Amino acid sequence: MGKHSSGGEQTAAETLRARNWPCLRQFCVFLENRVGRLNDLMRHVETIDVKVLALSIVDSVDFANVRLIFSNADRAREKLELSNFLFSENDVVGIELPEDEMPFTTVCSALVKAEVNIHHAFLLRRGRGARAAVAMYVDNVDLALHTLEEAGLRVITEGDLEDETFD
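What the sequence shown shows, in UniProt numbering, is residues 1 to 167, in sequence order.
So this is what it looks like as structure tokens:
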């Protein structure tokens, strides 16, 4: 349903989450901890139009929690919804690593100055010619985004990931 302007003509519907939303979507998939389940998941979601850009596994005796970031979050969600996998999603902050001798220290130092806690982090696979990046799940997304911007660090959007070319 479109949004109407004061002149009566219809304009495109706007959503809060767009391609340039300042967070990335992380999918957390619950898997039984048995041989072949990760392969089943990858065969279901990783296709020509959906690339896995980040993967982290936290396992226990009976189950595993697989954290994933995809090149196309909306398409990945569609695939997961059509599957038998239990999943949830949450926002993580994607940060392009600065070109200095200690890029992780630079990012972490900026966040610790603002007392932003990093719960978990992992590297992001990037397209051809793109700089290295990290995804971080933090306790205060808004403060983290503001802090990173103030420190001159570049936040990566979903649009950035969708636009990248992979070999």
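Cβ coordinates follow ideal geometry from the N, Cα and C atoms, glycine included.
Predicted, not measured: the structure shown is a model, and the values here were computed from it.
- Within the UniProt domain "ACT" (24-162), the runs of beta strand (DSSP E) at least 3 residues long that lie entirely inside it are, in chain order, 24-32, 52-59, 63-70, 86-96, 118-124, 133-138.
- About 6 Å separates the beta carbons of V138 and V93, which is inside the 8 Å limit, making them a contact pair.
- Nearest in C-alpha terms to Q26, of all of I57, V134, V155, S88, is S88.
- Around the Cβ of D160, a 10 Å sphere holds 16 or more other Cβ atoms; the residue is buried.
- Within the model, the alpha-carbon separation for E101 versus K113 is close to 20 Å.
- In this structure, the alpha-carbon of G127 lies about 12 Å from that of A54.
- Contact between V52 and L31 does not hold, since their C-beta atoms are separated by about 15 Å, which reaches or exceeds 8 Å.
- By the Cβ test, the segment 113-123 is not in contact with the segment 75-83, since fewer than three Cβ pairs between them sit closer than 8 Å.
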